[in-house]
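As structure tokens, the structure follows; a few thoughts come after it.
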Amino acid sequence: MGKAKETVEAMNGIAETLSVIIVIAILLCTVTAWLIFQKVRHMQSTVMDVQNQETGKITK
Numbered sequence: 001m002g003k004a005k006e007t008v009e010a011m012n013g014i015a016e017t018l019s020v021i022i023v024i025a026i027l028l029c030t031v032t033a034w035l036i037f038q039k040v041r042h043m044q045s046t047v048m049d050v051q052n053q054e055t056g057k058i059t060k
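Right, here's the structure in full:
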């Protein structure tokens with residue numbers, strides 16, 4: 001019985017480690033996606049500013 005209990009404890013440890021790794025991976029993906037979204041939004045607003053300057057519109 002002792003051997004089986006050790007195996008279960010080892011598997012629980014592995015499962016905990018994997019769950020922590022998965023949470024960290026999800027956080028990294030979320031942060032990366034947010035940063036990319038911010039950069040794209042900034043680029044779009046810059047393009048809009050340039051287009052508005054070309055057409056003579058003032059947005060400010």
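In the UniProt record's numbering, the protein residues as written are 1 to 60. Note that beta-carbon positions come from the ideal geometry of N, C-alpha and C, so glycine has one too.
Problem set entry | Rounded C-alpha distance that separates SER45 from TRP34 | Each residue's Cα considered, the two are about 16 Å apart.
Problem set entry | Close-in-space but distant-in-sequence residues of the same chain around LEU27 (CB under 8 Å, 5 per side omitted) | none
Problem set entry | Cβ-based neighbour list, ALA15, same chain, cut-off 6 Å, excluding 5 preceding and 5 following | none
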